[in-house]
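Enquirer:
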Amino acid sequence: MTSGAIRPLTVAHLARSLEARAGQPMEALRCYESLAALWIRCCDTGTLGARVLRDMTFRAARRLAAGEDTLIAPEFDRIPDRLTRDASLVRLPASLAVQGVEWQDALALAEAWLGARQDAGLVLVAGVRTGGAYLALLVAARLEAAGVDVRVTSVRPGENLDVRDRRVLLVDDPPLTGRTLLSLARDIPGPAGGEVLVPVYDTADVQGLRQEGITVTVLPRERWQSTRRLQPDALSAYLDAHADWQDAGPAPAVDGLVPGRENSALTPWPGVRRRSPARAAVRLATAAGIRHAVAGWVPPGIFGDAARAAATAVRSPVVPATLAVAPALVISEDLALTAPLGPQPPPGKLEEAMDYVLSRARQLPVESAVPSGPMPAVLQTVAQALTGTDDTAVAAGAARLLQLLSALAPALPDNRCEAEKWFLDDAGHLRKTGHLAHTYRRDNELLTPLLDLAALSVAFGSSLETVADRLARRLPGSRTWYAPLAVALLCYGTARGAQLPRTYNPQRAAETAVEAYRLQRGMSQAAEAVQRVLSDLVGGSETAVPGVVHRWQEPPGALVQPRLPFGGTAARPSGPGPTGEETQMALKAVARWAEGRIQPVREGDVLLFAPLRAPSAWAEDRAALEDLARLLPRPGLLAWCGVPVVALDEVS
Numbered sequence: 003m004t005s006g007a008i009r010p011l012t013v014a015h016l017a018r019s020l021e022a023r024a025g026q027p028m029e030a031l032r033c034y035e036s037l038a039a040l041w042i043r044c045c046d047t048g049t050l051g052a053r054v055l056r057d058m059t060f061r062a063a064r065r066l067a068a069g070e071d072t073l074i075a076p077e078f079d080r081i082p083d084r085l086t087r088d089a090s091l092v093r094l095p096a097s098l099a100v101q102g103v104e105w106q107d108a109l110a111l112a113e114a115w116l117g118a119r120q121d122a123g124l125v126l127v128a129g130v131r132t133g134g135a136y137l138a139l140l141v142a143a144r145l146e147a148a149g150v151d152v153r154v155t156s157v158r159p160g161e162n163l164d165v166r167d168r169r170v171l172l173v174d175d176p177p178l179t180g181r182t183l184l185s186l187a188r189d190i191p192g193p194a195g196g197e198v199l200v201p202v203y204d205t206a207d208v209q210g211l212r213q214e215g216i217t218v219t220v221l222p223r224e225r226w227q228s229t230r231r232l233q234p235d236a237l238s239a240y241l242d243a244h245a246d247w248q249d250a251g252p253a254p255a256v257d258g259l260v261p262g263r264e265n266s267a268l269t270p271w272p273g274v275r276r277r278s279p280a281r282a283a284v285r286l287a288t289a290a291g292i293r294h295a296v297a298g299w300v301p302p303g304i305f306g307d308a309a310r311a312a313a314t315a316v317r318s319p320v321v322p323a324t325l326a327v328a329p330a331l332v333i334s335e336d337l338a339l340t341a342p343l344g345p346q347p348p349p350g351k352l353e354e355a356m357d358y359v360l361s362r363a364r365q366l367p368v369e370s371a372v373p374s375g376p377m378p379a380v381l382q383t384v385a386q387a388l389t390g391t392d393d394t395a396v397a398a399g400a401a402r403l404l405q406l407l408s409a410l411a412p413a414l415p416d417n418r419c420e421a422e423k424w425f426l427d428d429a430g431h432l433r434k435t436g437h438l439a440h441t442y443r444r445d446n447e448l449l450t451p452l453l454d455l456a457a458l459s460v461a462f463g464s465s466l467e468t469v470a471d472r473l474a475r476r477l478p479g480s481r482t483w484y485a486p487l488a489v490a491l492l493c494y495g496t497a498r499g500a501q502l503p504r505t506y507n508p509q510r511a512a513e514t515a516v517e518a519y520r521l522q523r524g525m526s527q528a529a530e531a532v533q534r535v536l537s538d539l540v541g542g543s544e545t546a547v548p549g550v551v552h553r554w555q556e557p558p559g560a561l562v563q564p565r566l567p568f569g570g571t572a573a574r575p576s577g578p579g580p581t582g583e584e585t586q587m588a589l590k591a592v593a594r595w596a597e598g599r600i601q602p603v604r605e606g607d608v609l610l611f612a613p614l615r616a617p618s619a620w621a622e623d624r625a626a627l628e629d630l631a632r633l634l635p636r637p638g639l640l641a642w643c644g645v646p647v648v649a650l651d652e653v654s
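As structure tokens, then:
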């Protein structure tokens, strides 16, 4: 990693790093993860040399599983040369980069499987790429150490396994639905059959597999390494041995855990998702007295490099202060949070947030990616929505979008985008979670200032024009910032819209509805601007694709899921806004209709509907919207914008 810059984690970077260390000692986990990433890339692309890399990675897995903390980096002439030029981003499995699974958990999973069998027989361990492949080699190493005749490979749905007479053990990330594992298990040939080995958040997560007759071995979350590390005695010993405290002076001691917030993996915290990594609120005994902090998990290997660099590098009054960094934990100050920022934050707070984003960009610059690197999928998605299905127009549009986004940083989000969560603390100071207080996400998604700035329009309820104007005052010059920010908001919204919470308490339901509405409204406005920028690429006004859709008359498939604002059914013109009498009638109608089903949330001149029931009931809620339309003074007052919306005044 270059000094002072966050380098996107590319295949070429890992390959060149191994090349520079060939024949020299290096940290065992770093060596193993680097080799595994290169092997997985070869498997994904069909590159020659995958078998050699698999064997090298398996050797590293054996030694890591045996307890060695230092390995000699392999001779580089056995690694395919093309990997040193591969600019694609490393596919970071959620289990190892976000959720809290560690390499020791693969060993424990193998031990659990061994403990249930008298005779293992011949075994093929197949890691379901991407996350399962990182774990499979370690599972195989532990089985081999126990005397099992074992081979190891990786697999994706649709690929054929060379099974012969071996029993197949499918190893994967903690499952969400289990559909991929079930599909693979059903397709395993041969008489020996197949089983599944997975870490799980809850044993109910694999119930569907078991109901289909699949034998499943699980490692419950309470036995994960990241969970057990946060137990009081273990946490104290771990910090004593490994923590690098940021302040000079005697190292603090763990005085105890905060009741009700001992370990989020075992005692869920309000507002913390079940699939989030474990953390614990702790009391630290310092020379100045008791200090409250949060111990949050970060990946201990290469995937946590950017997290640890960010935790120690950023200096700003906005973020929670980093107190200590350890290989698998970051200790940060505990925030006393009040309500999230409302629709009208205190004056000056948007300015303060923008100053923070730009300050962080200067402190944590993202190293430029190789110009010829692969196009991020999110840009292809946005370009196709804007230009239609013509491949030439999509390619030209995506290139233009990439050019606009390069205004502040080259890195882009793909598949995951943690929300920017801004709060005011008890003293009225602006605070932020989601990046440095929240456990870390992929560096190429989070360290992109243009996306952060675009996301401010959602968090603060501001328009992109306002953000663009204030950015221009900070960065004077000839550049106009509206179009780059509009592209950034489309990328951010595309990733974020699919990740909004799907289970709610009333407060979270309200927050999610407002975020969904702001995302959809902002994306619709941004799409119009970007479509104008790209009009020359699609042949001008005569051949331009249909204009974007502001609102929907019918909701899309999920009750709360902002999406690219194209391809929907345009809402009928609602005409003039409701009169004062009609507004009162609409409020009364909504109150009668929504009781026990929907929580109405006021946002400016509209009333949003936040679902309170489980997702399984949303189909009923969607159907019931037709009843509401008949109760309103005018059916046209009901529309769709991320969530169902009732206009209380004229809405553009």
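Its first residue numbered 3, the sequence shown is counted upward by one per residue in our numbering.
We treat Cβ as the ideally placed atom computed from N, Cα and C, and that holds for glycine.
1. Three Cβ pairs or more, each shorter than 8 Å: is that satisfied between the region 626–636 and the region 580–599?
2. Can you say whether Leu-453 is buried or exposed, counting buried as having 16 or more other CB atoms within 10 angstroms of its CB?
3. Can the beta-carbon of Leu-20 be found less than 8 Å from the beta-carbon of Ala-62?
4. Could you pull the start and end residues of the beta strand (DSSP E) that Asp-151 belongs to?
5. Could you spell out the range, first to last residue, of the beta strand (DSSP E) harbouring Phe-425?
6. Below 8 Å on the Cβ atoms is my contact criterion, and I expect Val-645 with Ala-518 to pass it. Report the Cβ-Cβ distance as a whole number of Å.
7. In angstroms with no decimal places, state the Cα-to-Cα distance between Arg-56 and Gly-134.
8. In this structure, does DSSP put Pro-347 in helix, strand or coil?
9. Excluding the 5 residues preceding and the 5 following Ala-297 in the sequence, name in chain order all residues of the same chain whose CB lies nearer than 7 Å to its CB.
10. In whole angstroms, give me the CA-to-CA distance for Pro-27 and Ala-143.
11. Since Arg-310 contacts Val-300 with CB under 8 Å, what's their CB separation in whole angstroms?
12. Could you pull out every residue in the same chain whose Cβ sits closer than 7 Å to the Cβ of Leu-98, ignoring the five residues on either side in sequence?
13. Is it buried or exposed, Thr-324, if we count other Cβ atoms within 10 angstroms and call 16 or more buried?
14. Is Lys-434 buried or exposed, if buried means 16 or more other CB atoms sit within 10 Å of its CB?
15. Less than 8 Å between the C-beta atoms of Arg-362 and Ser-318, yes or no?
16. Output the boundary residues of the beta strand (DSSP E) element that contains Met-28.
17. Using a Cβ-Cβ distance under 8 Å, would Thr-482 count as near chain D?
18. Would Leu-561 and Met-525 qualify as a contact pair, given that the criterion is a beta-carbon distance under 8 Å?
19. For Ala-528 versus Leu-477, is the C-beta spacing smaller than 8 Å?
20. Could you check what DSSP says for Ser-278 in three-state terms: helix, strand or coil?
21. What are the boundary residues of the alpha helix (DSSP H) that includes Thr-179?
22. Report the residue from Leu-145, Val-141 and Asp-189 whose alpha carbon sits nearest the alpha carbon of Pro-159.
23. Mind checking who Asn-434 pairs with in its DSSP beta bridge?
24. I'd like to confirm the pairing. Which residues does DSSP put opposite Glu-197 in its beta bridges?
25. Restricting to Cα atoms, I'd like to know which of Gln-213, Glu-214 and Asp-164 is closest to Leu-193.
26. If you count every other CB in all the chains shown that lies within 10 Å of the CB of Gly-129, and 16 or more means buried, which is it?
27. Using the beta-carbon count (16 or more within 10 Å), is Gln-101 buried or exposed?
28. Comparing alpha-carbon positions, which option in Val-380, Glu-29, Pro-82 and Glu-605 lies nearest Gln-346?
29. Write down the C-beta distance between Ala-39 and Leu-16 rounded to the nearest angstrom, noting that I regard them as a contact closer than 8 Å.
30. Could you tell me whether the region 171–182 touches the region 193–203, using the rule of 3 or more Cβ pairs below 8 Å?
31. Could you tell me how far apart the beta carbons of Ala-114 and Thr-219 are, in whole angstroms, since I believe they sit closer than 8 Å?
32. In chain order, which alpha helix (DSSP H) runs of at least 4 residues are fully inside the region 503–531?
33. Check each candidate in Asp-46, Leu-650 and Arg-32 and name the one with the smallest Cα separation from Thr-59.
34. Report the residue from Leu-633, Pro-486, Ala-588 and Pro-613 whose alpha carbon sits nearest the alpha carbon of Asp-651.
35. Excluding the 5 residues flanking Phe-611 on each side, which residues of the same chain have their C-beta closer than 6 Å to its C-beta?
36. Taking the alpha-carbon of Asp-409 as reference, which of Thr-389, Trp-483 and Ala-429 has the nearest alpha-carbon?
Expert: Let me lay it out:
1. yes
2. buried
3. no
4. 151–157
5. DSSP places Phe-425 in the uninterrupted beta strand (DSSP E) bounded by 423–427.
6. Right, their Cβ atoms sit about 5 Å apart.
7. Approximately 14 Å, taken between the alpha carbons.
8. coil
9. Hits under 7 Å: Leu-232, Leu-237, Arg-281, Ala-282, Val-284, Leu-331 and Ile-333.
10. Near 21 Å, if we compare the C-alpha coordinates of Ala-143 and Pro-27.
11. Sure, about 7 Å apart at Cβ, within 8 Å.
12. Gly-133, Tyr-136, Pro-301 and Phe-305
13. buried
14. Buried.
15. In this structure, Ser-318 lies closer than 8 Å to Arg-362 by Cβ.
16. 27–29
17. The chain inventory of the structure shown lacks chain D, comprising one protein chain alone.
18. no
19. no
20. coil
21. Unbroken run through Thr-179: none, as it is neither H nor E.
22. Taking Pro-159 as reference, the option from Leu-145, Val-141 and Asp-189 with the minimal CA-CA separation is Asp-189.
23. According to the sequence as given, residue 434 is Lys; it is not Asn. BP columns for Lys-434 point to Trp-424.
24. Leu-171 and Thr-217
25. For clarity, residue 193 is Pro in the given sequence; the question names Leu instead. Nearest of Gln-213, Glu-214 and Asp-164 to Pro-193, Cα basis: Asp-164.
26. buried
27. buried
28. Glu-605
29. 5 Å
30. yes
31. 5 Å
32. Runs found: none.
33. Arg-32
34. Ala-588
35. Counting only residues of its own chain and dropping the five nearest sequence neighbours on each side, Phe-611 has a CB closer than 6 Å to the CB of Ile-600, Val-645 and Pro-646.
36. Strictly speaking, residue 409 in this sequence is Ala, with Asp absent from that position. Taking only the C-alpha atoms, the option nearest Ala-409 is Trp-483.
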